[in-house]
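Reviewing the structure listed below.
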Amino acid sequence: EPSERLPMRPGGVANLRDHKWFDGFDWAAMKALKLDAPYKPIVKSKKDLANFSARKEDMPKQLEYQDPGTGWDKDFASA
């Protein structure tokens, strides 16, 4: 129920800021855009894309499609 969400209750957003889950969180640093990133990847240069491409061994196993021969796709467009 949306009306039961913390910011929607009397007290507003302060309910969220004061919740025990956020104990120790620096709200002032967040507002000032001064929070450190939780993860900083190691890069060799500004154009290093090594962290964005998966290695072949990291890719999931590809399954070969086996047509059941039922014709379920007979009306599909084909190239």
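Going by my numbering, the sequence shown opens with residue 365, and the numbers climb by one from there.
The beta carbon of each residue, even a glycine, is placed where N, CA and C say it ideally should be.
As the structure is a prediction and not an experimental result, all values here were calculated from the model.
| Asked | Found |
| --- | --- |
| Unbroken alpha helix (DSSP H) run spanning A378, endpoints | V377 to R381 |
| C-beta atoms of L399 and D390 nearer than 8 Å | yes |
| Opening and closing residue of the alpha helix (DSSP H) in which M394 lies | W391 to K395 |
| N412 - DSSP class collapsed to helix/strand/coil | Rather than Asn, the amino acid found at residue 412 in this sequence is Asp. Note: D412 maps to coil in three-state DSSP. |
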